[in-house]
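I have placed the structure first, in the form of structure tokens, so that the comments after it can refer back to it.
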Amino acid sequence: MVELSDNSLSKILIAAGLLLIILSFFLPYASGEVVYRVADFSFWGAFNLLPVYIVLVCLFALFLAIGKISFLLGTAVSLLVLNITIIFMRTEWQEVLRSKFFLDFLGIAGYGWWISLIGSVVVLVAVVRLIPDKKRAPYLFILPSLFGVCFLTFFPAMFAFFISFHRWNILVPNKPFVGLANFRKAFTDEYFLRSLWISFKYALGVIPVKIVISFFFALLIYSIPKFKSVFRVIYFLPAVTSVVAISVIWTWIYHPYYGVANYLIGLFGAEPINWLGNPEIAIWSVVFVSVWRSVGYSIIIFLAGLNNIPSIILEASDIDGATRWQKVKNIIIPLMKPSLVFVFITSTIGAIQVFTEIYMMTGGNADTKTAVFYIWQTGFNKLQMGYASSMSIVLFAIILVITLVQMRVTKIFKEE
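Following the working numbering, the numbering of the sequence shown begins with 715 at its first residue and continues without gaps.
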């Protein structure tokens, strides 16, 4: 009797799964009068998912190039992700949600849906067999979280990428493929470009102030041995408080007639200011709140970096007669580059993606309509989901480029 190696059996499983998946394209994805699909039931309807194919091929080539994955394992994972994405996109989830019981949905599902699902399971078995024995246990432990990430993050992101190439309105049955038209519109939309500028202005206001203040307070708390735990609780409270609650409180503080802010400046004879209604200062008023709210988290990161500095180095600098400024400049800051880089990158991503503070405090008025707010308004108010998805992808690409540049510059400084 011929024994098959793990690779040979995995190849057979991948081939069998691929045949089942291809077969499912020719079979109905629904039974009875209720049909749920993206295009038609034929194999050719899957070509509407061409953007998804391109993304998967690029990711596969990237991981293959850097040696993080074997060709066989990469093929299996790509096939599995592709088919699950197709199932996700070709299922009319409104029908699923309308079902009183999950069994109702199982009765609606057609042969194509079931065979496609079985093909995915077969490929999944091949993927598990290709993972080395020593690594299977860790992967099994993270599997529940991995499913959550896939279904709550990856597949919605792929779906957004898919509909960005369509004129997609949830109230209109016809959702034609428009190619790059949505992206061309995004680059010529003056309102979107304006919202990008406001997002960058907001980020330029938040990031440097937040880093400087949090680094200063981290040094201050680090140098005070007593009551360190009390200070940690006080400065970290805003970071764990609901952003909505904080925004509502600060909206009342900024109130032009009854707010505490105008009361305080009125003690010095100043006129009341419309903090959130004046286009010249509204965005900076929100910047102040964002810095106040998020500085505690950065202090925690900086304190962790300070505690990792060997005390023997600081003691040696004291013996050599170094001043406090010399220790900060020549010892502390160079040794805290990882913490500084982490705070800088996460602060940049968070600042460009700001939404809740803008939504709660200004409603996008007074020249505070950031990119994420404009995307939300386009998608959920105007119901232009395809165009909103294309703008979100453009914003993602911008954030990705900024992050890669930051990491590259940081690496250069580290090598020097």
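Beta carbons are placed, not taken as given, at the ideal position from N, Cα and C, and that holds for glycine.
Backbone CA spacing between residue i and residue j [nearest angstrom]
i, j, result
"residue 918", "residue 835", "48 Å"
"residue 952", "residue 920", "16 Å"
"residue 916", "residue 954", "22 Å"
"residue 1096", "residue 856", "39 Å"
"residue 949", "residue 931", "9 Å"
"residue 798", "residue 837", "11 Å"
"residue 861", "residue 840", "18 Å"
"residue 1023", "residue 1049", "7 Å"
"residue 796", "residue 735", "10 Å"
"residue 878", "residue 896", "7 Å"
"residue 845", "residue 723", "13 Å"
"residue 1037", "residue 1028", "11 Å"
"residue 969", "residue 963", "10 Å"
"residue 850", "residue 842", "7 Å"
"residue 925", "residue 885", "45 Å"
Which listed residue (the options) has its alpha carbon closest to that of residue i
i, options, result
"residue 928", "1017, 795 and 896", "1017"
"residue 894", "905, 723, 1103 and 1005", "1103"
"residue 789", "866, 728, 905 and 832", "728"
"residue 1122", "1059, 1082, 1101 and 1007", "1059"
"residue 1071", "1043, 888, 913 and 891", "913"
"residue 990", "983, 891 and 1001", "1001"
"residue 873", "1100, 993 and 964", "1100"
"residue 993", "1087, 1082 and 843", "1082"
"residue 999", "1088, 1089 and 1076", "1076"
"residue 943", "1063, 850, 1013 and 892", "1013"
"residue 1087", "906, 725, 888 and 1052", "906"
"residue 967", "983, 956, 982 and 987", "987"
"residue 904", "1124, 826 and 1105", "1105"
Bridge partners - residue i, DSSP secondary structure assignment
i, result
"residue 880", "891"
Range of the contiguous alpha helix (DSSP H) that encloses residue i
i, result
"residue 955", "Per DSSP, residue 955 belongs to no alpha helix (DSSP H) and is neither H nor E."
"residue 847", "847 to 863"
"residue 833", "825 to 844"
"residue 1085", "1085 to 1090"
"residue 978", "974 to 980"
Item to check | Ranges of the alpha helix (DSSP H) found wholly within the stretch 989 to 1077, counting only runs of at least 4 | outcome: For the stretch 989 to 1077, the full-length alpha helix (DSSP H) segments reaching 4 residues or more read 996 to 1021, 1025 to 1033, 1038 to 1041, 1051 to 1066 and 1070 to 1075 along the chain.
Checklist entry - In chain order, which continuous runs of the alpha helix (DSSP H) of length 4 or greater are located wholly inside the stretch 917 to 953? => result Fully enclosed alpha helix (DSSP H) runs of 4 or longer: not present.
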